[in-house]
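Be aware that the sequence shown starts at 1, since it is given in the UniProt record's numbering, and climbs by one per residue. For every residue, glycine included, the Cβ atom is placed at its ideal position computed from N, Cα and C.
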Amino acid sequence: MKLGIVGLPNVGKSTLFNAITQAGAESANYPFCTIEPNIGVVAVPDERLKFLRDLHQSQKVIPAAIEFYDIAGLVRGASKGEGLGNKFLSHIREVAAILQVIRCFEDDNITHVDGNVNPLRDIETINLELIFSDLEMIERRIQKTEKLAKTDKSLFTELDLLKRLQAAFEEGLSARSLEYSEEEADLVKDFGLLSMKPIIYVANVAEDEVADDGQNNPHVQKLREFARTDHAEVVVICAKIEAEIAELEEEEKAMFLEELGLKQSGLDRLVKASYSLLGLISYLTAGPQEVRAWTIKKGSKAPQAAGKIHTDFEKGFIRAEVVAYDDLVSCGSNAAAKEKGLVRLEGKEYIVKDGDVILFRFNV
Ligand code: GDP
1 MKLGIVGLPN VGKSTLFNAI TQAGAESANY PFCTIEPNIG VVAVPDERLK
51 FLRDLHQSQK VIPAAIEFYD IAGLVRGASK GEGLGNKFLS HIREVAAILQ
101 VIRCFEDDNI THVDGNVNPL RDIETINLEL IFSDLEMIER RIQKTEKLAK
151 TDKSLFTELD LLKRLQAAFE EGLSARSLEY SEEEADLVKD FGLLSMKPII
201 YVANVAEDEV ADDGQNNPHV QKLREFARTD HAEVVVICAK IEAEIAELEE
251 EEKAMFLEEL GLKQSGLDRL VKASYSLLGL ISYLTAGPQE VRAWTIKKGS
301 KAPQAAGKIH TDFEKGFIRA EVVAYDDLVS CGSNAAAKEK GLVRLEGKEY
351 IVKDGDVILF RFNV
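So this is what it looks like as C-alpha cells:
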C-alpha cells in the first residue's frame, strides 16, 4: 500500500521526498517494498519497540514501514489530456492514499507557478483534475445504470447516489466531502473514484512556523477550515527543515529538534498520520533475536495477522498469546503480566489491536 505525494511545482515536494528517502528504512528488511527511484520506504516511528528491545535484549529491531510514491507532473487539463496528464491520473489510481503538499511559506526568491501563495487555489487546481476525471466516469455510469434501472428497480439507490455525486462534482466538491449511508458507502467503494481517496494536506510552512504548528500562519488557518469540509487532515511541516534533519544521526537529531522546540520531527508526525490514514495498525512480536512491528489492516483477526509472519502461521493457527503493550509496561515483564492474568489466550475470532504483543501457537 503506497501513498502518493502530489502538489504543484515549487511547493516543496522534492524537498520532502528527499527527506523521506534520506530517512529511508533499510530496504533489506522489507523485501515486499518496491525499489524504484521515485519510491521511498520509511520506517513508522514506534516508541514501543525500544522498550521491547531493552526488555528482551534483542539483537535486531524491525519497525513497520510504508512506501511513498513521488508523483510528479500534474499539468492543468490532466483530466482531458493525453500523455503526461493521463499518466499522472493513472499513478494516482494506483495509490491507496494521497499526500498533497501545499505551499504555505512566503519566499520572494521562489516563484509560485500562479504568482502568489494561495493554498485554496492550489488545492482546487489539483483536486479539480481528479474531480473532472471522476465526473466523466460517473456520467458514463449514469447512462448505463439508467437503462438497466428501467427493468431493475434495485438499482435506484445506486442511480440516486450517482446523481448526487454528479451534482457534487459539478460544484467542484470531492467525493470524500459527502456523507454516505452504509449502503452507499459500499457502493461508492466500487466506483473507484480518485476524489474519494483519503488525503492529507501537508502544509509546507517557513522554518519559524513549525514550532506552533502553523497557528499564526493565515494560509494554514484557511487550509484547516477547508480540510474540515473535505473530511481531510492537515499536517504542518517545514520541508526544508525535514531535509536537514534527515541527514543527521539519531543523537544530533534529538538535539536539533529540542533547539527548534519540537518533540518529534514533522516527518515522523507525517508518517504516523499516513499510517493511520491507510487504516493500518501494528502488532508486535518480541524475543532475543528480534523485536518487530507487523502491519495489519485495522479489524484483522488473529489468524490473518499471523499470516503476515508466515502463511503457515495462518493455516496452522491454534491460538495467540496476547498481552497489551501498556499492560506489559505496567507489569514490567511477561512473567509478571502472566501472574496478573494479563496474558490472554485468544482464538480465531479475536480482533487484533494496535500494540498487542503476540506469540502465536500453530501446527505445522
Ligand atoms: P517541487 O517542485 O514541489 O518539488 O519543489 P522543491 O522541493 O524543488 O522546492 C522548490 C523550492 O522551494 C526549492 O528552492 C526549495 O529549497 C524551496 N523550499 C522547499 N520547502 C521550503 C520551505 O519550507 N521553506 C522555504 N523557504 N523554502 C522551501
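Is it buried or exposed for residue i, if we count other Cβ within 10 angstroms and need 16 for buried?
i, result
"Val364", "exposed"
"Pro288", "exposed"
"Leu280", "buried"
"Gly266", "buried"
"Ala254", "exposed"
"Gln100", "buried"
"Thr295", "buried"
"Val113", "exposed"
"residue 446", "Outside the modelled stretch of the chain, which goes from 1 to 364, sits residue 446, for which no answer is possible."
"Ala211", "exposed"
"Asn216", "exposed"
"Ala337", "buried"
"Ile110", "exposed"
"Asn127", "buried"
"Lys301", "buried"
"Arg93", "exposed"
"Ala286", "buried"
"Asp190", "exposed"
"Leu345", "exposed"
"Lys147", "exposed"
Going along the chain, which residues of its own chain have a beta-carbon closer than 8 Å to the beta-carbon of residue i, five neighbours each way excluded?
i, result
"Tyr30", "Val41, Ala65"
"Leu248", "Phe256"
"Glu183", "Thr157"
"Leu223", "Ile102, Cys104, Pro119, Leu120, Ile123, Tyr201, Ala203, Val234"
"Glu207", "Cys238, Lys240, Ile241"
Does residue i come within less than 8 Å of chain C when only Cβ atoms are used?
i, result
"Gln289", "In the structure shown, chain C cannot be found, because there is only a single protein chain."
Leaving out the 5 sequence neighbours to the left and right, which residues in its chain are closer than 7 Å to residue i when beta-carbon positions are compared?
i, result
"Lys60", "Gln289, Glu290"
"Lys297", "Gly279, Leu280"
"Ile131", "Phe169, Gly172, Ser174, Ser195"
Assuming the contact rule is C-beta atoms closer than 8 Å, residue i and residue j should be a hit. Round their C-beta distance to whole Å, please.
i, j, result
"Lys159", "Ala168", "Sequence check: residue 159 is Leu here, not Lys. No, Leu159 and Ala168 are not in contact; Cβ-Cβ is about 15 Å, not under 8 Å."
"Thr15", "Lys240", "6 Å"
"Cys238", "Val205", "6 Å"
"Ile102", "Tyr69", "With a Cβ gap of about 18 Å, Ile102 and Tyr69 do not count as contacting."
"Leu3", "Val95", "6 Å"
"Asp230", "Ser177", "5 Å"
"Asn334", "Val323", "7 Å"
"Ala246", "Ile199", "Contact flag wrong, Cβ pair sits at about 23 Å."
"Val329", "Phe51", "6 Å"
"Tyr325", "Arg48", "5 Å"
"Ser282", "Asp354", "6 Å"
What does a CB cutoff of less than 6 Å around residue i pick up in its chain, not counting 5 residues either side in sequence?
i, result
"His91", "Ile71"
"Asp268", "Pro45"
"Ala243", "Thr15, Asn18, Ala19"
"Glu314", "Pro303, Ala306, Gly307"
"Gly12", "Val101, Asn204, Ala239"
"Phe317", "Pro303, Ala306, Phe362"
Beta strand (DSSP E) segments (min. 3 residues) lying fully within the stretch 242-312: Segments of the beta strand (DSSP E) lying fully in the stretch 242-312: 280-286, 290-297.
Could you tell me whether the stretch 189-201 touches the stretch 136-145, using the rule of 3 or more Cβ pairs below 8 Å? yes
As an exercise, report each continuous beta strand (DSSP E) stretch of at least 3 residues that is fully enclosed by the stretch 169-204, in chain order. 199-204
Q: Please list the segments of the alpha helix (DSSP H) lying wholly inside the stretch 40-78, counting only runs of 4 or more residues, in order along the chain.
A: Listed in chain order, they are 48-56.
Can you list, in chain order, the stretches of the beta strand (DSSP E) that have 3 or more residues and sit fully within the stretch 96-137? 97-103
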